[in-house]
Amino acid sequence: MQKLGMGQAINQALKEEMQRDPNVFIAGEGVGVSIHLNPMFPTHGLLEEFGPGRVKDTPVSEAAIAGLAVGAAEAGLRPVVEIMFNPFFTLASDMIVNHAAKLRYLSGGKSSFPLVVRIKSGAGFGAGCQHSHNLEAWAAHCPGLKVVMPSTSADAKGLLKSAIRDDNPVIFIEHMGLYFAEMPVPEEDYLTPLGQADIKRQGRDLTVVTWSGMLGAAMGAAEKLSQEGIEMEVVDLRTLIPLDKDTILSSVEKTGRLIVMHEATRTAGFGAEIAAVVMEEGFKYLKAPLKRVTGPDIPVPASPPLEKFYIPDENDLIQAAQEIIE
Amino acid sequence: MQKLGMGQAINQALKEEMQRDPNVFIAGEGVGVSIHLNPMFPTHGLLEEFGPGRVKDTPVSEAAIAGLAVGAAEAGLRPVVEIMFNPFFTLASDMIVNHAAKLRYLSGGKSSFPLVVRIKSGAGFGAGCQHSHNLEAWAAHCPGLKVVMPSTSADAKGLLKSAIRDDNPVIFIEHMGLYFAEMPVPEEDYLTPLGQADIKRQGRDLTVVTWSGMLGAAMGAAEKLSQEGIEMEVVDLRTLIPLDKDTILSSVEKTGRLIVMHEATRTAGFGAEIAAVVMEEGFKYLKAPLKRVTGPDIPVPASPPLEKFYIPDENDLIQAAQEIIE
Amino acid sequence: MDVPEEKKIKMLETMILSRKFSDTLVELCKIQGKIPGMMILSTGQEAVGSGVCAALDLEDVIITNHRSHNHLLAKGADPNELMAEIYCKKTGCNKGKSGTLHLAVPEVNAPCTTTVVGATLPIAVGRAFAQQYRNEKTVTVCFFGDGAADEGSFHEALNLAALWQLPVIFLCENNMYAGAQRYEEHTKVADMAERAKAYNMPGVIVDGNDALAVYQATREARQLALDGQGPTLLECKTYRCRGHGETDPQHYQPKDEIKAWQNKCPIPRLADTLIESDIITSSRLEEMQSLAENIVQEAVRFAEESPYPEPHEALEDVYV
Amino acid sequence: MDVPEEKKIKMLETMILSRKFSDTLVELCKIQGKIPGMMILSTGQEAVGSGVCAALDLEDVIITNHRSHNHLLAKGADPNELMAEIYCKKTGCNKGKSGTLHLAVPEVNAPCTTTVVGATLPIAVGRAFAQQYRNEKTVTVCFFGDGAADEGSFHEALNLAALWQLPVIFLCENNMYAGAQRYEEHTKVADMAERAKAYNMPGVIVDGNDALAVYQATREARQLALDGQGPTLLECKTYRCRGHGETDPQHYQPKDEIKAWQNKCPIPRLADTLIESDIITSSRLEEMQSLAENIVQEAVRFAEESPYPEPHEALEDVYV
Ligand SMILES: Cc1ncc(C[n+]2csc(CCOP(=O)(O)OP(=O)(O)O)c2C)c(N)n1
Ligand SMILES: Cc1ncc(C[n+]2csc(CCOP(=O)(O)OP(=O)(O)O)c2C)c(N)n1
Ligand SMILES: [Mg+2]
Ligand SMILES: [Mg+2]
């Protein structure tokens, strides 16, 4: 099987969907001509293949980029637009939250908005808090949006293709750290359904629910815990909205113990939602209180030791697992 | 004691703070000359009292309004700016989230940003989802911000005065439904500290944690439940950030049962955070799983029966209370 | 360019209908509990929507804002369904989800109405992009107020539309007020059309109380757009004769200013022109008026008799 | 207006220092793991920051963006603390919280640096508002690029500043690129200064590689601002001689274009003028260069020898 970084997998998904459906186009800052000549990046080479009519470099204008998607989607096109870094979601948020998410409802179901907003995210680049700020919880709090956050290249390809074919607005958040980790990706055209979590590792002693950039740490921790005789089940959420409660709840039913791990800051992060759902619907399964392993409630600092302190890692998870098992 | 609607109480707080400190000014759309000639509104009469130098009507430019606050606060002024309706927070969100909240951190603590952003919120006006969308969970997810949501006129006055004197950026969210409910407000100059929840009613059988527009429903429900012999403790959060965990946890320790009630949509709402905190730190007190009584995961619809369906009410809470007690 | 007679008549008809519609709403919304939400009308501004929409084909698209009733009626929206939606009834064009403020009528290519000031512009850019992408021979008209022209979205949208030469007309309905703010209190630029220069786009000023002038300017901008010459910023100068909404006491609008503009009312102005040039007779005018009266009466009856949506319908239409 | 000799010398000094600082960073950031984050330099654009800041008093404020090093050095920021912050060390001006991108130096009235493109403008409006509110005899200069001039925040900020006649200079550093996009690919307007018309504000174009011209234009705009005549949009035309950041291969920038602009380098240009007009000798120039060399060497040494912050310090400085 081919081995691809997540950027390449996304590239393949974009390419296949653009070949398949002439209504698909991409737009954003540097999606055509880029300051990166790097084939690991998601939109590399698409301009050459599809031309400037379908690969639209835009000015630095996030509201216009998102509005472009809203208007074009209403007309039946399938825009896939890019917001360069997650903190700039703010600048596009009126168009996404008040329009992409709500206009269908406001039309009484007459119009639909089949658009995808791809957002690069994730700390770990020393770029600081105006480039690194995980805001998936914002999107997840807005009915009308779907929210996808893949953690493997194969999932990214299949999920993005599903997102593009979905008739609803989808926020598709990519952790940049995963662009450079090569992983197996099926060659063929396949769809990974939105709304289905994936058990990336079976376990009987406790469950960790995670997504996006944290999967690697979770898998690493699971490996090490296994050596101590603790078997951790790793649930990769993949899509936050729609939320696959069933998979989470059955896992917790089995293990009786739950940790949620995400890179975003703790308070009012999406981990809280998982906690609430499990509390409401799986309380009786719980043998111990849930724990959250998350970024602390601070902006992401630039300096390497500080940034490392910020990003939750294998050790944090192992420690939480040991505590919860006791 | 004087009886004031929340708008009037806010008006009094603004007036007192502007009289006290010449660095305090207010700005926003219609904060001076307004389309409302209504003394129940928060900025009524301030232009006449303080003049156009300190009461600044701005163009319809939310990013500029928030940027005005950020820049002026850095210089040592104490701006109190208004975002007309909560959904327009999106348009100001880059300035608030990436700047007001982060620039102090980015400066290594050299600069500070003593500003207040007042936001009108709340459903119930038939205005639909582009005017009614409760986004407190967004602000609560951004370290660097404090988030205040009063539910009584007296608290509003004391909390706004504290917010204005606080050296951090404070998001102060006002439920418009409370503007018209007259409640006792002490005449004198007093401060209600940020970060302290208030037990609005004592009870031993279960706890409801709520804030802002939902307090009325909670108190009403508590009254009715009491007639059935169920004593519900009503914790009015007042400030979401900093979160007063102690008050919540001691109440849950006492009652063993918890409901969180808010008007915002359910998924990834701030109720989830309360659930997570109690799960993490008060699991052993819980005799039953927590419940959330919230708006459903839909945009706020305009039509009266639909909007009524959206807004959580006394009956929803009573039902949840009865279920949780069983 | 000569305005075809049937277009002139059409404009007059839709203006009269819009006015009758608004005047009826003025009365209805005084009745407590009858019509939920804010009531935002365009009394006195009808030459804009009617002039613009007469210049468009059905396939042309409009994106409109909080002050939309005249635009939508002129574009051909069904008055019954509009009124029922304004009443928040189940039979409304948006099943009561929208109410008066976000009326969406995709059937007449008025698919998105937004009350977020300035938000019409980026959406219109997207809609016009689709027209260009598919090589359609149609344009998009984007309505917005003078206040909206101060929002950042205005700037981003005009820059992008000019850059890509999109077939869009940015229609600034300058009614001299944004909420309680007079034009001079929210910007220093003398004419909003001047802002076109910032994007190297044509900027045109037109008397917004002259339906014929609005029609002609729209036709010209439309032709430019269809010829691949990109967008135009078209500023229609008019006046908000009523308050921002119906609860606004207009305390900040000088009485004599209102009076002066009421005297410039676009409806008698067009009617007189048509009568003087023998396009219609004054009895035809009366017929138009009573026809409009009937349509609006019928719309009110339809709305009144329609049921509210069932509460649980609130859960529908969020996702496809 | 004549430029005082000491100002001319000052400009040359800060330009030479900035260039040395940048050239050193070019080399340092090639060494894996030495300097975290992106490395964004203003090589070839030094006449802008140096010309502007020479025209300002210490009390005047600058708000700057991702390409800030030259602006900050010219404003008088301590090179040691800047370098240490770029190295993300504890002794950096922001204790390692900022790194290279958001350097804040309130001591020299450069209190906010933001990498959100376009975000400098609304903040500068707020800062200038405070100056007006307190009747200070100072101005705020807001730096931003040509790309930033397409953001909505540009528009809102300029409109508000013009409306309130705030003492702010909007300094557009037009280096012909925004990321990989050439100027003509991101806007249709020939000159960004043209956009001033949209706000009824003076718009001025200046040769951004001529420090003296930049100085003079800044002085004039500053005087207008101090006289209560409000903001100016000042466009400095220059060129980004290196990539957007140091990992950018510049594949989209024509080689001969880069070459041609390197030949217009502002530093020899000013040096030659000063030598020709006998303000400095060529040996003084050499002294300046070796002084700059020493300062930068010392800054590197300081940064290298400084410790990183302790991990738990990440928790500090969020709230007062
Ligand atoms: C983003 C945003 N800010 C504020 C408002 C509140 N608001 C509604 S209409 C309006 C004035 C708009 O003025 P203008 O654009 O001139 O349109 P007009 O009402 O005059 O037709 C304001 C401020 C809003 N709806 N959206
Ligand atoms: C809001 C936002 N969008 C995108 C980016 C990514 N980005 C950083 S610099 C840049 C180009 C800016 O160009 P310009 O304003 O001309 O400044 P220059 O880099 O040329 O100095 C972009 C797109 C950003 N930092 N902020
Ligand atoms: Mg107006
Ligand atoms: Mg540039």
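Protein chains in written order, with the numbering used here: chain B, 2 to 327; chain X, 2 to 327; chain P, 12 to 331; chain H, 12 to 331.
Beta carbons are placed, not taken as given, at the ideal position from N, Cα and C, and that holds for glycine.
Just so it is clear, the structure is predicted and the values come from calculations on it, not from any experiment.
Alpha carbon of residue i to alpha carbon of residue j, nearest angstrom
{"i": "H:N170", "j": "P:K199", "result": "7 Å"}
{"i": "X:A67", "j": "X:V82", "result": "7 Å"}
{"i": "X:V210", "j": "B:P306", "result": "38 Å"}
{"i": "P:T284", "j": "P:N211", "result": "36 Å"}
{"i": "X:A140", "j": "P:E298", "result": "57 Å"}
{"i": "B:A276", "j": "X:N169", "result": "30 Å"}
{"i": "P:P277", "j": "P:E57", "result": "7 Å"}
{"i": "P:L112", "j": "P:C104", "result": "12 Å"}
{"i": "P:L237", "j": "H:K208", "result": "28 Å"}
{"i": "H:Y226", "j": "H:K270", "result": "26 Å"}
{"i": "X:V236", "j": "X:L259", "result": "10 Å"}
{"i": "B:N99", "j": "B:R293", "result": "31 Å"}
{"i": "H:V127", "j": "X:A182", "result": "42 Å"}
Presumed contact (8 Å Cβ cut-off) between residue i and residue j, rounded CB distance
{"i": "X:Q20", "j": "X:P88", "result": "No, X:Q20 and X:P88 are not in contact; Cβ-Cβ is about 33 Å, not under 8 Å."}
{"i": "H:I27", "j": "H:A303", "result": "5 Å"}
{"i": "P:H262", "j": "X:L78", "result": "In fact, because the Cβ distance is near 30 Å, the residues do not count as touching under 8 Å."}
{"i": "X:E175", "j": "X:Q3", "result": "Not confirmed; about 19 Å, so no contact."}
{"i": "X:T208", "j": "X:V253", "result": "5 Å"}
Residue i, buried or exposed, once every other Cβ within 10 Å from all chains shown has been counted against 16
{"i": "P:N146", "result": "exposed"}
{"i": "H:T102", "result": "buried"}
{"i": "P:K148", "result": "exposed"}
{"i": "X:F26", "result": "buried"}
{"i": "H:H323", "result": "exposed"}
{"i": "B:M177", "result": "buried"}
{"i": "H:A201", "result": "exposed"}
{"i": "P:E38", "result": "exposed"}
{"i": "P:N305", "result": "exposed"}
{"i": "H:D157", "result": "buried"}
{"i": "H:D13", "result": "exposed"}
{"i": "P:G62", "result": "buried"}
{"i": "X:R205", "result": "exposed"}
{"i": "B:K147", "result": "buried"}
Chain X residues whose Cβ lies nearer than 9 Å to that of residue i
{"i": "P:T102", "result": "Those within 9 Å of P:T102 in chain X number zero; the least Cβ separation is about 11 Å."}
Amino acids of chain D, ordered along the chain, whose beta-carbon sits closer than 7 Å to that of residue i
{"i": "P:V136", "result": "Reference to chain D is not applicable here, since the protein chains of this structure are B, X, P and H."}
Partner residues on chain H for residue i, Cβ-Cβ distance less than 8 Å
{"i": "B:H132", "result": "L112, T126"}
Proximal chain B residues relative to residue i, where beta-carbon distance stays under 7 Å
{"i": "H:T198", "result": "P60"}
Neighbour list for residue i in chain X, Cβ cutoff strictly below 8 Å
{"i": "B:H142", "result": "L136, A138, W139, A265, T266, T268, A269, G270"}
{"i": "B:A276", "result": "A273, A276, A277, M280, E281"}
Closer than 8 Å at the beta carbon, the chain B residues around residue i
{"i": "H:H255", "result": "I36"}
{"i": "P:L83", "result": "Those do not exist, as P:L83 stays about 13 Å from chain B at its closest Cβ, beyond 8 Å."}
Cross-chain neighbours of residue i in chain B, by beta carbon under 9 Å
{"i": "H:Y319", "result": "S304, P305, P306, L307"}
{"i": "X:P56", "result": "The sequence shown places Val at residue 56 of chain X, not Pro. Residues of chain B passing the Cβ test: none, with the nearest at roughly 26 Å."}
Per-residue contacts from residue i into chain P (C-beta, under 8 Å)
{"i": "B:F26", "result": "Y144"}
Within chain H, partners of residue i - CB distance below 7 Å
{"i": "P:S164", "result": "G163"}
{"i": "X:L78", "result": "A141, Y144"}
Neighbour list for residue i in chain P, Cβ cutoff strictly below 9 Å
{"i": "X:P297", "result": "A325, L326"}
Within chain X, partners of residue i - CB distance below 7 Å
{"i": "B:S1", "result": "Since the first residue of chain B shown is 2 and the last is 327, residue 1 of chain B is not available in this structure."}
What residue ranges within the segment 178 to 229 of chain H form continuous alpha helix (DSSP H) runs of no fewer than 4 residues, ordered along the chain? 194 to 197
Scan the segment 12 to 50 of chain H and note each continuous alpha helix (DSSP H) run of 4 residues or more that stays entirely inside, going in chain order. Counting only runs of 4+ residues, the alpha helix (DSSP H) found wholly inside the segment 12 to 50 of chain H occupies 16 to 39, in chain order.
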